[in-house]
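Peer 1:
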Amino acid sequence: MTFGKRQSGVGATAQSFNVDMTAARSQVSSQVASQAATEAAAAEDAPVKGSPIRWAIVMLACGAMLYGFLVNYGPDLRRDRRLAGTWQPAYDLKATEGRCKRTNFVITSCSAKIASIAQPDQALINIDFFMLFSGGGGEALVPVRSTVDRAAVSIYYAAETKLWNRTLSFVFGAVILALMTVAAALTFWKSLNH
Numbered sequence: 003m004t005f006g007k008r009q010s011g012v013g014a015t016a017q018s019f020n021v022d023m024t025a026a027r028s029q030v031s032s033q034v035a036s037q038a039a040t041e042a043a044a045a046e047d048a049p050v051k052g053s054p055i056r057w058a059i060v061m062l063a064c065g066a067m068l069y070g071f072l073v074n075y076g077p078d079l080r081r082d083r084r085l086a087g088t089w090q091p092a093y094d095l096k097a098t099e100g101r102c103k104r105t106n107f108v109i110t111s112c113s114a115k116i117a118s119i120a121q122p123d124q125a126l127i128n129i130d131f132f133m134l135f136s137g138g139g140g141e142a143l144v145p146v147r148s149t150v151d152r153a154a155v156s157i158y159y160a161a162e163t164k165l166w167n168r169t170l171s172f173v174f175g176a177v178i179l180a181l182m183t184v185a186a187a188l189t190f191w192k193s194l195n196h
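For what it's worth, my numbering labels the leading residue of the sequence shown as 3, then goes sequentially.
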């Protein structure tokens, strides 16, 4: 009989049942299950591939990425969360060189520079932020200043419009990097002990 064709007739729906065949199948399935359990236990005790030096480098690299992530994006996000709802347009400031770069349709990193109109010799203020699953192209660059802390300036799009997206993106990114660091540390520890 070829694959895909129907059997016709009375015997097509009748199942053939052989007691000896059922017993043989159950013995084979129990042997396969015990062999799989033995292989899983052996894999747990198997040494980790790669030298401890390699895993130490991976652990340090993941830790450095986590530290850089927290230092670069954490303080500005914390400030924006603290001052949420207090931003108003700052007419003495102008935003320049604003751009957003999207990577793999998932990660968007944006940057802008804020210059003072009243004091042109004052240094530019850099605003950097990132978001997940959101684009920033075509948004107006409106510089804002907090009514609570007059020294705090930002871009309205970053400080108010995308604040929740930035917060969740930051938490997600920090958790992923922390898990990668912990996994590398555990693998490093396991490679030392074998």
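We put the CB at the ideal spot given by N, CA and C, even for glycine.
Can you give me the C-alpha to C-alpha distance between M3 and Q33, rounded to a whole angstrom?
Peer 2: Any answer about M3 is weak, because its pLDDT of 38 lies below 50 and its placement is not dependable; what the coordinates show is given next. Distance between the alpha carbons of M3 and Q33: 31 Å.
Peer 1: Please identify the residue among V144, R168 and S136 whose C-alpha is closest to the C-alpha of S118.
Peer 2: When only C-alpha atoms are compared, the closest one is V144.
Peer 1: Alpha carbon to alpha carbon, what distance is there between R101 and A114?
Peer 2: So the alpha carbons of these two residues sit roughly 6 Å apart.
Peer 1: Pick helix, strand or coil for F71, following the three-state DSSP scheme.
Peer 2: Helix, per DSSP.
Peer 1: Take the Cβ of A161 as the centre, count every other Cβ of all protein chains shown within 10 Å, and call the residue buried at 16 or more, exposed below.
Peer 2: Buried, since its Cβ has 16 or more Cβ neighbours within 10 Å.
Peer 1: Rank F131, Q121 and R56 by C-alpha distance to the C-alpha of T169 and give the top, closest one.
Peer 2: T169 has its Cα closest to that of F131, out of F131, Q121 and R56.
Peer 1: In chain order, what are the residue ranges of uninterrupted beta strand (DSSP E) at least 3 long that sit wholly in the region 97 to 129?
Peer 2: Runs found: 109 to 118.
Peer 1: For R83 and H196, I'd like the C-alpha separation in whole angstroms.
Peer 2: Cα-Cα distance, rounded: 47 Å.
Peer 1: Work out the CA separation of V108 and Y69 for me, nearest whole Å.
Peer 2: Taking the straight line from one Cα to the other gives about 22 Å.
Peer 1: Can you tell me the Cα-Cα spacing of T183 and P122, whole angstroms?
Peer 2: Near 44 Å, if we compare the C-alpha coordinates of P122 and T183.
Peer 1: If you draw a straight line from the alpha carbon of A185 to that of A120, how long is it in whole angstroms?
Peer 2: Answer to the nearest angstrom: the Cα atoms are 51 Å apart.
Peer 1: Decide if I129 is buried, meaning its Cβ has at least 16 other Cβ atoms within 10 Å, or exposed.
Peer 2: Burial call: buried.
Peer 1: Alpha carbon to alpha carbon, what distance is there between G65 and V146?
Peer 2: Their Cα atoms are separated by approximately 34 Å.
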